Amino acid sequence: MSELAVERKTKKPRLNWSKKTKRSILGVSMVLPSFLLLLVLVIYPVALSVMESFKSRDGMWTLDNYLYLFTEPHMLNNIKHTLQVTVLSSVFVLTIAYSIAVYLRFNHSWIAKMVGKLYFIPMFIPGVIAIYGFINFYRDNGWIARLIGEGNLPSIIYDMKGLLMINIWFNIPFTTMLLVSAMSSIPNAVIESAKDAGAKKRHLFFQFIFPLTYKTMLVALTFLFMGIVGSFTAPFLIDRNAPQMLGVAMQQHFSSYNEIGQASSMAVFLFLLCSFVGYFYIRSNMKDSTKSY
Amino acid sequence: MSIQLSITNVTKLYPTGEGVKDINIDVRHGELVTLLGPSGCGKTTVLRSAGGFIDPDEGEITITGESVVNIPPEKRPTAMVFQSYNLWPHMTVEDNLAFSLKLKKMKKREWKEKVCWALALVQLSGTEKKHPSELSGGQQQRIALARALLLQPKVLLLDEPFSALDAKLRLELREQVREIQAREQLTMLFVTHDQEEALSISDRIVVMNKGKIEQMATPQHIYNDPASLFVAQFIGRMNFLKGEAAGNALTIGPLSLPNVKHLSGEVTVGVRPEDVVIANGKGQGIPAKVTKVMMLGHYAEVTLHTFLGVLKMFIDRNDIDHYQLNMGIAVTFTKVKSFNGQQVQMKKEEISL
Ligand SMILES: Nc1ncnc2c1ncn2[C@@H]1O[C@H](COP(=O)(O)OP(=O)(O)OP(=O)(O)O)[C@@H](O)[C@H]1O
Ligand SMILES: [Mg+2]
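From first to last, the protein sequence lines are chains U and Y. Just so you know, we're using full-length UniProt numbering here: the first sequence kicks off at 1 and counts up by one. Just so you know, we're using full-length UniProt numbering here: the second sequence kicks off at 1 and counts up by one.
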């Protein structure tokens, strides 16, 4: 330590350098733990899966697994189905959550207050229990069917409709919460001065509320996409047997057919899908970071 | 001159019981009226009622003779500069300024010209492409002012528009606003809690306290003849002394002055520091001891200790040599204001000295 002090006195430029180094060492040492965790829990398994996906059952390098994924008709159907469910669910959830958030921001009635308290209830009900209740409620001979007469109810359980509904149930709370916080960070004065300048309701929405919240909406969309595209429990319990969502198909290939390579190729494909969406999310974040608001 | 904005018997009480009661203000065309009062006295409430952001419980508000109480803010011929968060953060300065012009379907060349004019007016030309977050607080307030001016309102409402500025800029901008206002014949209702600001730019001042109007008059009138003890305490500097009123006489220690207001009993007497003078022989003065002499620019302040309490006295800076510490003198008052009752204790920050 004292040596360093002497050095400091005599060589000024050295001082800057050593400070910089110290700083970067500090930086690295702060990032290191999370990086190691990432390495062990994410990067290593991902690398393993990627390798697995290029191997045949007898351990030879091959592209067969991907060929299977992208040419086999029922796999193509699965991919299509997965994307369809994900996109539709995301759109529904986002629309509903955004409407709730706008309503909560600009309405101060007691109903709004109730809605504000109720919307995150689904978060506190364990998923499997919710699904079980949902099935009992909506299946072809469930409570609703008994109430309105069996046969009058379109089939919801073991159908995409049911899956979309349960996705909405699961995803509304968090998405709404994100959007509500974005809405409430719009100061009243912004809205009021816009009105003062002559903005009507539609101007208010399209030129103020929407641009001030769309970034959060993108974040919400990213989370929704990633959460739904790889979901397993809900599609496994509620969806039809074919086509399946990729999460379910993967599990089947893995444990029922023991096709580890094929299962891995599906995993890699899902991973790429998510990275693609994540890339857009990060890019839009980077682009607008100068006008921080 | 015709009355541009008229606020009649307006009452607005919040659920907490605070608010404003029975407000009556008339603002003539081309007049700058200031709402002045301590924090929380209801200035913003009055202003927001005029702008349409608050529905008053009772009362009438008219602009050029037409009632506006049922007109929403987007249709009212008013423009408001808010106390905070004025600019739209997602828009550039230019977009902020041009928003209302574009709503009016103005041609691009025309609005560009107007934006240019407004920016030059507030001395911020060249900031068109910046976002509000890239401007300082004072610059943001100036842009907000420019934006409000571009609305060409019949009444311009300003809620402490200069509170974020440093003293010098504040002074400059205040003068500018007054100049623009006079030149363009703008009708303005201006909120401030700074008495100096109010005194310097207003045609008339409305002094408010606890949701009520204490006095409404020209700056000179308010300064020379405060209607209540509160106004006297709030505006300018004043010495307060205990006095006794009976019949035609007002006695303050050894001094006896005419009882103009015909008060009786114990009264509070207010004396401006510039109205404290040396008693020169005639009659008796109040004996006083000089305890401090402070040079304050073109005048000096002398602190005196008397048996009635501490007195402040302003003297010409050329006379400063006549006052030595611990010197004994006798003073009298050229002008006093008497008020019924005891002086109200105010918090330090409420009396901006
Ligand atoms: N939305 C509200 N709900 C309840 N009380 C309020 C509300 N707005 C203001 N008040 C109360 O009404 C009183 C007057 O408020 P107002 O904002 O008009 O004060 P002000 O004179 O503008 O003060 P300042 O100089 O601090 O801005 C205050 O006591 C305040 O607490
Ligand atoms: Mg205020």
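Virtual Cβ for every residue (Gly too), placed ideally from N, Cα, C. Since the model is a prediction, treat every value here as computed from it, not as a measurement.
Short CB-CB distance (under 8 Å) between residue i and chain U
{"i": "residue 111(Y)", "result": "no"}
{"i": "residue 53(Y)", "result": "yes"}
{"i": "residue 100(Y)", "result": "yes"}
{"i": "residue 151(Y)", "result": "yes"}
{"i": "residue 103(Y)", "result": "yes"}
{"i": "residue 7(Y)", "result": "no"}
One or two residues paired with residue i in a DSSP bridge
{"i": "residue 192(Y)", "result": "36(Y)"}
{"i": "residue 329(Y)", "result": "288(Y)"}
{"i": "residue 7(Y)", "result": "25(Y), 61(Y)"}
{"i": "residue 337(Y)", "result": "270(Y)"}
{"i": "residue 251(Y)", "result": "244(Y), 256(Y)"}
{"i": "residue 314(Y)", "result": "301(Y)"}
{"i": "residue 146(U)", "result": "Paired residues: none, contrary to the question."}
{"i": "residue 209(Y)", "result": "212(Y)"}
{"i": "residue 159(Y)", "result": "191(Y)"}
{"i": "residue 127(Y)", "result": "DSSP lists no partner for residue 127(Y)."}
{"i": "residue 13(Y)", "result": "19(Y)"}
{"i": "residue 239(Y)", "result": "271(Y)"}
{"i": "residue 66(Y)", "result": "63(Y)"}
{"i": "residue 309(Y)", "result": "306(Y)"}
{"i": "residue 112(U)", "result": "According to DSSP, which records beta bridges pairwise, residue 112(U) is partnered with nothing at all."}
{"i": "residue 55(U)", "result": "61(U)"}
{"i": "residue 276(Y)", "result": "333(Y)"}
Option nearest residue i by Cα separation, candidates the options
{"i": "residue 309(Y)", "options": "178(Y), 66(Y), 185(Y), 240(Y)", "result": "240(Y)"}
{"i": "residue 254(Y)", "options": "69(Y), 307(Y), 268(Y), 61(Y)", "result": "307(Y)"}
{"i": "residue 196(U)", "options": "231(Y), 48(Y), 296(Y)", "result": "48(Y)"}
{"i": "residue 241(U)", "options": "18(U), 77(U), 33(U), 221(U)", "result": "77(U)"}
{"i": "residue 116(U)", "options": "64(U), 180(U), 89(U)", "result": "180(U)"}
{"i": "residue 268(Y)", "options": "340(Y), 211(Y), 218(Y)", "result": "340(Y)"}
{"i": "residue 123(Y)", "options": "172(Y), 91(Y), 112(Y)", "result": "172(Y)"}
{"i": "residue 224(Y)", "options": "335(Y), 37(Y), 74(Y), 4(Y)", "result": "335(Y)"}
{"i": "residue 155(Y)", "options": "320(Y), 324(Y), 185(Y), 38(Y)", "result": "185(Y)"}
{"i": "residue 248(Y)", "options": "260(Y), 179(Y), 237(Y), 74(Y)", "result": "260(Y)"}
{"i": "residue 81(Y)", "options": "127(Y), 90(Y), 91(Y), 53(Y)", "result": "53(Y)"}
{"i": "residue 25(Y)", "options": "91(Y), 190(Y), 257(Y)", "result": "190(Y)"}
{"i": "residue 9(Y)", "options": "181(Y), 187(Y), 62(Y)", "result": "62(Y)"}
{"i": "residue 199(U)", "options": "21(Y), 74(Y), 203(Y)", "result": "74(Y)"}
{"i": "residue 70(U)", "options": "262(U), 256(U), 252(U), 278(U)", "result": "262(U)"}
{"i": "residue 233(Y)", "options": "36(Y), 251(Y), 127(Y), 13(Y)", "result": "36(Y)"}
{"i": "residue 219(Y)", "options": "209(Y), 195(Y), 332(Y)", "result": "195(Y)"}
{"i": "residue 304(Y)", "options": "295(Y), 317(Y), 296(Y), 331(Y)", "result": "331(Y)"}
{"i": "residue 118(Y)", "options": "217(Y), 94(Y), 65(Y), 19(Y)", "result": "94(Y)"}
{"i": "residue 49(U)", "options": "66(U), 34(U), 164(U), 35(U)", "result": "66(U)"}
{"i": "residue 275(Y)", "options": "206(Y), 315(Y), 263(Y)", "result": "315(Y)"}
Any chain Y beta carbon closer than 8 Å to residue i
{"i": "residue 190(U)", "result": "yes"}
{"i": "residue 198(U)", "result": "yes"}
{"i": "residue 292(U)", "result": "At residue 292(U) the pLDDT is 49, less than 50, meaning the model places this residue with poor confidence; the figure from the coordinates comes in the next sentence. With 8 Å as the cut-off, residue 292(U) counts as an interface residue toward chain Y."}
{"i": "residue 108(U)", "result": "no"}
{"i": "residue 193(U)", "result": "yes"}
{"i": "residue 205(U)", "result": "no"}
{"i": "residue 124(U)", "result": "no"}
{"i": "residue 275(U)", "result": "no"}
{"i": "residue 302(U)", "result": "Shown here, chain U extends from 1 to 293; a query on residue 302(U) therefore has no answer."}
{"i": "residue 92(U)", "result": "no"}
{"i": "residue 208(U)", "result": "yes"}
Supposed close pair residue i, residue j - CB separation, criterion 8 Å
{"i": "residue 245(Y)", "j": "residue 265(Y)", "result": "6 Å"}
{"i": "residue 97(Y)", "j": "residue 150(Y)", "result": "6 Å"}
{"i": "residue 86(Y)", "j": "residue 144(Y)", "result": "4 Å"}
{"i": "residue 157(U)", "j": "residue 238(U)", "result": "6 Å"}
{"i": "residue 237(Y)", "j": "residue 292(Y)", "result": "About 15 Å; that fails the 8 Å criterion."}
{"i": "residue 32(Y)", "j": "residue 203(Y)", "result": "5 Å"}
Would you list, in chain order, the members of the segment 80-97 of chain Y that have their beta-carbon closer than 7 Å to a beta-carbon of chain U?
80, 82, 84, 85, 86, 88, 89, 90
Using a Cβ-Cβ cutoff of 9 Å, what residues of the segment 48-79 of chain Y are near chain U? List them in chain order.
48, 51, 52, 53, 72, 73, 74, 75, 76, 78, 79
Whose beta carbon lies closer than 7 Å to any heavy atom of ligand 3, going through the chain in order?
Ligand 3 is absent from the structure shown, which contains only ligand 1 and ligand 2.
May I ask you to list, following chain order, the residues of the segment 14-33 of chain U that have a beta carbon less than 7 Å from some beta carbon of chain Y?
none
Could you name the residues of the segment 172-191 of chain Y whose beta carbon sits closer than 7 Å to any beta carbon of chain U, in the order they occur along the chain?
Under the 7 Å Cβ criterion, the segment 172-191 of chain Y contributes no residue.
Determine which residues of the segment 210-229 of chain U have a Cβ less than 8 Å from any Cβ of chain Y, and write them out in chain order.
211, 212
Residues of the segment 246-271 of chain Y whose Cβ lies closer than 9 Å to any Cβ of chain U, in chain order:
none
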